[in-house]
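Residue numbers (full-length UniProt numbering), protein chains in the order written: chain A, 1 to 294; chain B, 1 to 294.
Ideal placement from N, C-alpha and C gives every residue a C-beta, glycine not left out.
This report concerns only the one structure given below.
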């Protein structure tokens, strides 16, 4: 019998392969050239954590893999757009992502801006796919995603992050939490709730799970920025500390940050109790999020 | 009795006021701050030509103003995003738009990138509005808009434009036309067809009208870049010629460009014959597009 962690890893790799293949197929229908190349490049690699949340959330609500796959692809296209724009010189100015040069380094800033823009359009186009379900389900997803990533969600969080960096007053833990809940939490929450949204089901347990998981994910990213190395994480480390940026680690300290992520994951796992055994992969994922080295 | 041109101008100003008020109301629901301020700023001014096309297209297909208004807002939010990103230093590097400093000049590049991103999300969120019609109609709009503005539409055209500028071989008239059909034509075509999309009606006449109108609009923009002044146009002029950029005017010459836009508008007007008297505003608009000074 497989270990639980093997099961999780196998399932995550399966989802990643499915999503990368489906995204590649979608790109094949676009005009060939630099723009599509950059979009394809931006979607490769990474753990496809959000896609995994979509597929597991769907399974918990009786939604088939075939119905959930376009949603998983949409979420990853959207996430890829946010990374491409976040890495731009005018934003975080990162040159390394998933172990490879960022899009504006590989091509140009203009290409990175446009590839990000087109990935966002593609995400919404994918959510109109009839395979997902009836028109009402697709519209609920589109409205929820647009809200999660727009000026009251992810992009709002990115703006708070930039304002905090430019400010002379470092944010406190409440400020960092508010920023991260929007910046990374909103899309993770959408992913975890997407199966319930399709099924038109109650989502309270998954909502709490997603909120705690998203925050724990960010706390662990901040820990890896201090304790990780570039080869393993695939991105520059020590960047936040170098820039004097306020993070969960800089404000709480390393030990308290580790305690905080553990506490968050315990709450995330507890919130899954209504789902019973079926939520095993999501429980494993929660533990993985704070054990991961990249 | 009003002159036709008075009727057109009055109707365009009415639509502009309605759309700006509705966009302002949508922004009021977003978190206050720099991001929302920049989004609001980006949506003000201009002729709201695309919104006008939406409202007229709706009227021709028996769709109410109340149903069409969120679509008109979505199109203008989308258009505003494209202008904000197009004006960025890494793209066209423009400092003046609609007579005011561009968003990255007024705030920062990061704010302009994020405001554009959030305006795109807002456009799709607005298309989920129940006021528009049944779920099927809304999904058809979302799919059509996403396709029109993504990597096979507007953004593809922007990429072709950048590639042409970087290339040592100047594009010929076919190349310029192909680029502009995507860059500005796709969103204009969506706007002109949106009423038919909502009604689930045939759109052949409006499709031809929109294609010709969009191209004539761009030819006239190229003419104004040579013959206009900054005060009247509200943007920098002589910029394309200064940059040695291939335009309809640089390739065809001014007289032939004027003949070309006239020919396009004649065809646009002719394509409206199935709609009879009801299409009077669209006929007037077509003539306005090549008479305008800004």
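Between the options, which lies nearest to residue i when the distance is taken from Cα to Cα?
{"i": "residue 214 of chain B", "options": "B:265, B:259, B:244", "result": "B:265"}
{"i": "residue 129 of chain B", "options": "B:26, B:144, B:111", "result": "B:26"}
{"i": "residue 142 of chain B", "options": "B:162, B:120, B:161", "result": "B:120"}
{"i": "residue 15 of chain A", "options": "A:44, A:231, A:39", "result": "A:44"}
{"i": "residue 267 of chain B", "options": "B:172, B:206, B:42", "result": "B:206"}
{"i": "residue 211 of chain B", "options": "B:248, B:197, B:183", "result": "B:183"}
{"i": "residue 135 of chain B", "options": "B:241, B:37, B:200", "result": "B:200"}
{"i": "residue 37 of chain B", "options": "B:23, B:54, B:47, B:46", "result": "B:23"}
{"i": "residue 188 of chain B", "options": "B:144, B:226, B:161, B:132", "result": "B:144"}
{"i": "residue 256 of chain B", "options": "B:6, B:216, B:118, B:237", "result": "B:216"}
{"i": "residue 56 of chain B", "options": "B:232, B:83, B:280", "result": "B:280"}
{"i": "residue 30 of chain A", "options": "B:77, B:154, B:75, B:59", "result": "B:154"}
{"i": "residue 99 of chain B", "options": "B:47, B:231, B:124, B:291", "result": "B:231"}
{"i": "residue 123 of chain B", "options": "A:138, A:149, A:101, A:132", "result": "A:149"}
{"i": "residue 67 of chain B", "options": "B:127, B:97, B:78", "result": "B:127"}
{"i": "residue 193 of chain A", "options": "A:40, A:46, A:165, A:54", "result": "A:54"}
{"i": "residue 237 of chain B", "options": "B:118, B:152, B:94", "result": "B:94"}
{"i": "residue 12 of chain A", "options": "A:21, A:52, A:34, A:290", "result": "A:52"}
{"i": "residue 42 of chain B", "options": "B:151, B:251, B:118", "result": "B:118"}
{"i": "residue 209 of chain B", "options": "B:160, B:252, B:284", "result": "B:284"}
{"i": "residue 235 of chain A", "options": "A:133, A:166, A:97", "result": "A:97"}
{"i": "residue 288 of chain A", "options": "A:220, A:160, A:111", "result": "A:220"}
Kindly list, in the order they appear in chain B, the residues whose Cβ is closer than 7 Å to that of residue i.
{"i": "residue 138 of chain A", "result": "139"}
{"i": "residue 110 of chain A", "result": "90, 91, 162"}
Please decide whether residue i counts as near chain B, where near means a Cβ-Cβ distance under 8 Å.
{"i": "residue 193 of chain A", "result": "no"}
{"i": "residue 255 of chain A", "result": "no"}
{"i": "residue 188 of chain A", "result": "no"}
{"i": "residue 146 of chain A", "result": "yes"}
{"i": "residue 68 of chain A", "result": "no"}
{"i": "residue 196 of chain A", "result": "no"}
{"i": "residue 135 of chain A", "result": "yes"}
{"i": "residue 288 of chain A", "result": "no"}
{"i": "residue 1 of chain A", "result": "Bear in mind that a pLDDT of 39 at residue 1 of chain A, under 50, signals an unreliable position, so the model cannot answer this."}
List the residues of chain A that residue i touches, going by C-beta distances under 7 Å, in chain order.
{"i": "residue 223 of chain B", "result": "The contacting residues do not exist; residue 223 of chain B stays about 26 Å from chain A at best."}
Can you tell me whether residue i is buried or exposed? The criterion is at least 16 other CB atoms within 10 Å of its CB, across all chains shown.
{"i": "residue 87 of chain A", "result": "buried"}
{"i": "residue 158 of chain B", "result": "buried"}
{"i": "residue 1 of chain A", "result": "Low confidence applies here, because residue 1 of chain A scores a pLDDT of 39, under 50, leaving its location unreliable and the question unanswered by this model."}
{"i": "residue 244 of chain B", "result": "exposed"}
{"i": "residue 180 of chain B", "result": "buried"}
{"i": "residue 28 of chain A", "result": "exposed"}
{"i": "residue 259 of chain B", "result": "exposed"}
{"i": "residue 172 of chain A", "result": "exposed"}
{"i": "residue 240 of chain A", "result": "buried"}
{"i": "residue 218 of chain B", "result": "buried"}
Hey, is residue i's beta-carbon within less than 8 Å of any beta-carbon in chain A?
{"i": "residue 205 of chain B", "result": "no"}
{"i": "residue 31 of chain B", "result": "yes"}
{"i": "residue 20 of chain B", "result": "no"}
{"i": "residue 79 of chain B", "result": "no"}
{"i": "residue 36 of chain B", "result": "yes"}
{"i": "residue 8 of chain B", "result": "no"}
{"i": "residue 74 of chain B", "result": "no"}
Output the distance between the C-alpha atoms of residue i and residue j, rounded to the nearest integer angstrom.
{"i": "residue 109 of chain B", "j": "residue 156 of chain A", "result": "15 Å"}
{"i": "residue 50 of chain B", "j": "residue 246 of chain B", "result": "25 Å"}
{"i": "residue 113 of chain B", "j": "residue 190 of chain B", "result": "24 Å"}
{"i": "residue 168 of chain B", "j": "residue 222 of chain B", "result": "21 Å"}
{"i": "residue 106 of chain B", "j": "residue 89 of chain B", "result": "13 Å"}
{"i": "residue 197 of chain B", "j": "residue 262 of chain A", "result": "51 Å"}
{"i": "residue 18 of chain B", "j": "residue 70 of chain B", "result": "10 Å"}
{"i": "residue 62 of chain B", "j": "residue 286 of chain B", "result": "21 Å"}
{"i": "residue 131 of chain A", "j": "residue 102 of chain B", "result": "42 Å"}
{"i": "residue 293 of chain A", "j": "residue 224 of chain A", "result": "7 Å"}
{"i": "residue 48 of chain B", "j": "residue 64 of chain B", "result": "18 Å"}
{"i": "residue 137 of chain B", "j": "residue 228 of chain B", "result": "41 Å"}
{"i": "residue 177 of chain B", "j": "residue 82 of chain B", "result": "19 Å"}
{"i": "residue 116 of chain A", "j": "residue 203 of chain B", "result": "31 Å"}
{"i": "residue 3 of chain B", "j": "residue 186 of chain A", "result": "With a pLDDT of only 49 at residue 3 of chain B, under the threshold of 50, the placement of this residue in the model should not be trusted, and no figure is reported."}
{"i": "residue 164 of chain A", "j": "residue 175 of chain A", "result": "9 Å"}
{"i": "residue 233 of chain B", "j": "residue 226 of chain B", "result": "11 Å"}
{"i": "residue 80 of chain B", "j": "residue 84 of chain A", "result": "21 Å"}
Residue i versus chain A: which residues are under 9 Å apart at the beta carbon?
{"i": "residue 150 of chain B", "result": "30, 117, 118, 119, 120, 121, 122, 124, 125"}
{"i": "residue 41 of chain B", "result": "Here the premise fails: no neighbours, minimum Cβ distance about 13 Å."}
{"i": "residue 114 of chain B", "result": "85, 91, 151, 155, 156, 158, 159, 162"}
Can you list the residues of chain B that residue i reaches, using a CB-CB cut of under 8 Å?
{"i": "residue 143 of chain A", "result": "125, 128"}
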